[in-house]
Amino acid sequence: MELAAKYNAAEVEDKWYAYWLEHKFFHSEPNEKEPYTIVIPPPNVTGILHMGHVLNNTLNDVLIRNARMHGKNACWVPGTDHASIATESKVVAKLKAQGISKDDLTREEFLKHAWEWKEEHGGIILNQLRKLGASCDWDRTRFTMEPALSEAVINTFVYFYKKGWIYKGVRMVNWDPEALTAVSDDEVIHKDTKSHFYHLRYYISDGQGNPTDKYLVIATTRPETIMADAAICVNPNDERHHWLRGKKVLIPLINREIPVIEDDYVEMDFGTGCLKVTPAHDVHDYEIGLRHNLEVLDIIDEHGKLNEKARILVGEDRFVARKKIVKMLEEAGNLEKVEEYTSPVGYSERTNAVIEPRLSAQWFLKMDTLAKMALDTVESGRTKFIPEKYVNTYRHWMENARDWCISRQLWWGQRIPAYYLPDGRYVVEASAEAALEAAKAICPDIKMEDLHQDEDVLDTWFSSWLWPISVFDPEMPGHPDHQPNKDLAYYYPTSDLVTGPDIIFFWVARMIMAGEEFMGREPFSNVYFTGIVRDKIGRKMSKTLGNSPDPLDLIKTYGADAVRIGMLLCSSAGNDIFYDEAQIKQGAAFCNKIWNSYRLVKGFSVDENAKQPAVAAEAVKWFDAKLSDTVAQVEDHYRKFRISDALMAIYKLFWDDYCAWYLEAIKPAFVDGKPGSVDPVTYKATLDYFEALLKLIHPVMPFITEELWQNMEERKDGETIMYAAAPVARPFDPDTLVHFELAQEAVNGVRGIRNQKNIAPKETLELKMKEGFPAEVVPVIEKMGNVTVDSAHEFGDMQGVGFMVRTYEMFVALNGLVNVEEEIAKLEKDLAYQQKFLAGVRAKLANERFTAHAPAAVIENERKKEADSLSKIESLESQLKALKNS
RNA sequence: GGAAGAUUAGCUCAGCUGGUUUAGAGCACCUGCCUUACAAGCAGGGGGUCGACGGUUCGAAUCCGCCAUCUUCCACCA
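Take the first sequence: its letters are residues 565 to 1450, numbered as in the numbering used here.
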C-alpha cells in the first residue's frame, strides 16, 4: 500500500471503527482474566457532545485501552441518563414552540411526547462518542429509565421506605408562581435587586392583646408577610433587647399576639437586631420555627397572591400587597422609616419570576447512616480520590449531610410508588397490585380505582446512584437477599471512575452509599476528577458565550486522535483545562510525524548480507534501554493517573529519541546518490521499536496506530493492535543511557558551533577530544555530528573552538573561521561564571555547620561539584591561554 | 460570610519525604536551513530574583505564619 505524504485521519477512522465493531473487540464477558471495569458517567440522553465530554471520555478510553493491552478483561459500560429536569424542560420548550402548553396535557400525553423526543435524540451523543474512538461495550448500553433500571429504582425506594429511612417531610422549595412549579436551586438566579428596608414598630402587648406604648422595631424587606409572623427573634447576647424577654408583641394591623424568642441565628449588628420570624415564607425562619416550635402560617398561594389566612389584602398579588400594606402601616403609625436597600433576590431561570420560598410536602431519604458508611469508604482508602484534595471537600459534606430530598415535581422520571387512600393515608409498594393488597390491610373494601399514586417523580440521582450496580444486575438494588448475577459478581466493584468534581456529592458520594448499602463494598477503587474545560481566557465553555467549539467539527478537521491528544496535553488531574485549538494542532502534527517516520522505515531497503555498522549497533543498544526506561516511567504515570505526563513521555520518546536520534543514527548513508541499504539486524530492531511505540501510544491515539500496525505486515482478519500486549520494561545497564547522552551533548556542541559559524551540516569537521571519553559512542558522534573524531592529549595551538561536555574537553578544529576576540570574550564569560560558582560551593563546604549537619551524600555531591568546577576552570584557562598565544 | 485549593518562563504545567536543580517540560517566540520521511519539518538560541513580606534551618520553589490575587464548593444574610 502506498502511503500518502500526509496523514489523512478522516479516511482511516471510520474504517477502523467499523472493523472494531464488526469483530466486537469492545465486548467483554466474564472470564478467567482479571476484570478492569469502568461505567461511563451517563450523559444526558438528549445531550450533545461538548468539550467536557471529550475530555472525560478520552480519559476513560485511554484507561480502558491501556488496561486491555495489559491483559485485563476490560469492560466500559456506556449509557445515558434520563436527566429529568433537563429533559423535561427541553420537551416543555419544544411543545411550547408548537403552541402546546404542558398544563393542557395529561401526564400520559406528556410522557408520550417525552418518549418521542428521547427516541429522536437519545442516540446522538452515543454516536458522537463513536467518532471519538470510544471503545465502549455497546452491547451493554443502558438507559437509566429503561424498564429494568426503573424497576431497580422503585425497588430501592420500597426497600428504604420499609427500612424506615424514607419519610415524608416538609421542605421549603423554590416556587415559581408563574410556571406553577418548584424549580431546583440550580435554576434560581440570584440577582442583586434594589428594594427597600422597612422599619416597622411592633408594640408590646399588655398580655390581654392590647398594645402598650412600648415597642420594638424590626427591619424587613417583605412587609406583606407580617401576617404570617410567628415570633420576633433576638440574639440572646444582645443586651439591648433583654428587656423583651418573656414579652409578647402584636403584629401591626391585625394585632395578633406573638412571642419574643432568642436564637443565635440573629445577627446583632444587622438591621435593628430584631428579626420577624415567618416560618412559612423564609428558609431560615422555617428552621428557627422548627427549633422553637413555632406555628407555620402560609398566607401566600401558588399564584403568589395572599390567601384568606392573611386576613387582610386577601387576593392581592404579593407585590401589590407590599405597596398597599406599606401605606396602611404608615397610616397606622407603625412605619418608622424606609431605607433604600439592595439585596440578592432569586429569579426563576425559566420565567424570570421572583422565586417565592414555599413549603411543600416532599419525600426524604435519611442520610446519617449512609453518609457515615460512605465517608468511611473514602477515609479508609478503599476508594481513592485523585487528586486527594477532594477528600477534604467530601468529608466536610458527609459530616454535614442533610437528608436527601428525593422527590421532584416533574413527570419525566420514575414515579414515586406511594399510593394514597381516599383518607390521605398511603402505602408504599413496588406495583399497583401490591399496593392494593397492602391497602386492603388498612381498608378491606378498597378498590384499585380508589388508590391514587403520588404525582411526583424521583430525583434523577436516585436512579444514577445505582448505576455501577444496576447496569450489571438491576435485580440487585433493593433486594438484599438476591445473589449477584454472573456479571455483577465479576465486574463489581468497578476499577476507576472518571468524572467532574462538580458532581462529587450529587453522584459520586451517593454511588458510594448505594454500593456500601446494596453490595457491602465500594463501587470503584479510584475516582479521577477532571477539571472544567475553559476557553483560553479562562471562561467556562458555554452555549450563551459561544466559546465552545463543536467537537465533531474538530474531529473532522484534525482527526479524532489529534483531538484526543490535544485534550490530554493540557489536562493534569483536578486542574481546570484551558482549551486551546493550538494543542489539537500539535496533536495533528504528532500524527503526521508518526506517519512519516513509518514512511521512512517502510522505505528502507534491506541487504540481507550487510553487517551491522557500529553506529547502528550502538543506537539499537541505546534505544532498547531508552524504551525500557520510558515504559517504566509511563507505567508509573498511569499508576498515579498522570495521564498527560504519560503522554508527554511517549511523545518525546517517539519524536525526539526515535525519530530525531535513533532513525537518524541508523539511516543508511547514500550510495551513488541513492539511499543505501540497512542490515537485517538493525532493520528488525527498527520495526520492533516502531511497533512498540505504536502500542505504547495506542490508548491515546487508537486510529493511526491501528492503521500503521495493520500496514506493517500482513495481518489476519480479526487481528488488532487493541489486543496486542503492551511493551514491557526490561532491565538495562544505566551506563548505556549515560554514555549516549554524552554523545548527544557532544553532537549538540558541534551543531552549536556550526550554527554560530554558519557551517553547513554537510561539511565534515574534525573533532578532537581528550582521552577517557566512552569509546563505544564515538561512532554516534561522528555520524550525528558529521565529524571525524581524534583523541589527543593536548590541543596545543590548533585553530578552532573548544567546549565542554560535562568534564570532557572537546575541540572543533576550524581553519580561518575563528574570531579570536569573540572566542576570548566568550571563554572569559564562562570562566567568570565558573569561578563564581566554585566560590559558592567552596563557601558551603567551608561552613562547619553545613559539614556537621548535612548528610554525607549531600556533602559528597558538593565535593564533586567542586572538583568538576575546578577541572572546567582549568580547561577554560588553558583554552584562553592557547587563544591568546595564537 | 464559611470551607478547600491555587499562585514557578509569554501560555499550559512538572518539580513526590527541604540538599544530584547551577529551577525543568511542551507550546509559543527568535535565528539559520525546502538536508532525497515529515516546512504539520530540521538545527540552534533567548527567556523565570518560583505572588509579597516575615519566620524555621547549615541550606527553602519545597516547611510555618501573615498579606494579596484567582478558582471552586457551601451559605447567600431579615
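Positions of the beta carbon are idealized from the N, C-alpha and C atoms, including for glycine.
Judged by beta-carbon spacing, serine 1059 lies beyond the 9 Å limit of aspartate 1018, meaning their Cβ atoms are not closer than that value. The residue among Val609, Glu586, Phe834 and Leu619 with its C-alpha nearest the C-alpha of valine 655 is Val609. The residue among Asn1322, Asp1125 and Trp976 with its C-alpha nearest the C-alpha of glycine 1151 is Asp1125. In the three-state DSSP reduction, glutamate 1270 falls in the helix class (H, G or I).
In this structure, alanine 1229 lies away from lysine 1149, with their beta-carbon atoms at least 9 Å apart.
For lysine 1011 and glutamate 1001, the gap between their C-alpha atoms comes out near 10 Å. According to the DSSP assignment, tryptophan 1031 belongs to no beta strand (DSSP E) but to the alpha helix (DSSP H) extending over 1031 to 1034. By the CB criterion at 9 Å, threonine 1194 and aspartate 1221 fall inside the cutoff. Across the structure, valine 841 and valine 798 are spaced so that their CA atoms are roughly 10 Å apart.
In the DSSP assignment, the residues bridged to proline 775 are Ser769.
Our two residues, alanine 573 and glutamine 1147, have alpha carbons roughly 17 Å apart in a direct line. Put simply, the backbone Cα of alanine 582 is about 11 Å away from that of phenylalanine 1267. Under the 8 Å Cβ criterion, the stretch 720 to 729 does not count as touching the stretch 650 to 670, having fewer than three qualifying pairs. Proline 605 counts as buried, since at least 16 other C-beta atoms from the protein chains shown sit within 10 angstroms of its C-beta. For valine 641, the enclosing beta strand (DSSP E) starts and ends at 637 to 641. Scanning its chain for C-beta atoms nearer than 7 Å, with the 5 sequence neighbours on each side dropped, one finds around isoleucine 1423 the residues Thr1415, in chain order. Secondary structure at lysine 812: strand, using DSSP grouped into helix, strand and coil. One alpha carbon belongs to histidine 1417, the other to tyrosine 1253, and they sit about 48 Å apart.
Secondary structure note for tryptophan 679: it is in no beta strand (DSSP E), and the uninterrupted alpha helix (DSSP H) holding it is 671 to 685. Contact holds between the stretch 970 to 987 and the stretch 1021 to 1041, because three or more Cβ pairs, one in each stretch, are under 8 Å apart.
Under the 10 Å beta carbon count, phenylalanine 949 is surrounded by 16 or more other beta carbons and is classified as buried. In this structure, valine 860 places its C-beta atom within 9 Å of the C-beta atom of leucine 923. Membership of serine 1089 in the beta strand (DSSP E) is indicated by the continuous run 1088 to 1093. Shortest Cα-Cα distance from lysine 1204 to any of Asn719, Tyr1092 and Pro1244 involves Tyr1092.
Here the alpha carbons of cysteine 1223 and leucine 567 stand approximately 18 Å from one another. DSSP places phenylalanine 1187 outside any beta strand (DSSP E); the residue lies instead in the alpha helix (DSSP H), whose first and last residues are 1178 to 1203. CA-CA distance, proline 1008 to leucine 985, rounds to 11 Å. Each of Val1035, Leu1030 and Ser1089 was checked against the Cα of glycine 1079, and the nearest Cα belongs to Leu1030. The shortest C-alpha to C-alpha distance from valine 1302 to any of Ala1189, Tyr1287 and Gln1363 is the one to Ala1189. Within the stretch 929 to 953, the complete alpha helix (DSSP H) runs of at least 4 residues fall at 932 to 943.
CA-CA distance, leucine 659 to valine 717, rounds to 28 Å.
In the structure shown, the three-state DSSP call for threonine 644 is strand. Straight-line spacing of the CA atoms in methionine 1368 and phenylalanine 1304 works out to 16 Å. Three or more beta-carbon pairs drawn from the stretch 936 to 945 and the stretch 955 to 970 are found closer than 8 Å, and the two stretches are therefore classed as touching. In this structure, the CA atom of histidine 646 is about 40 Å from the CA atom of alanine 1213.
Here valine 1351 is not near glutamine 1363, since their CB atoms are 9 Å or more apart.
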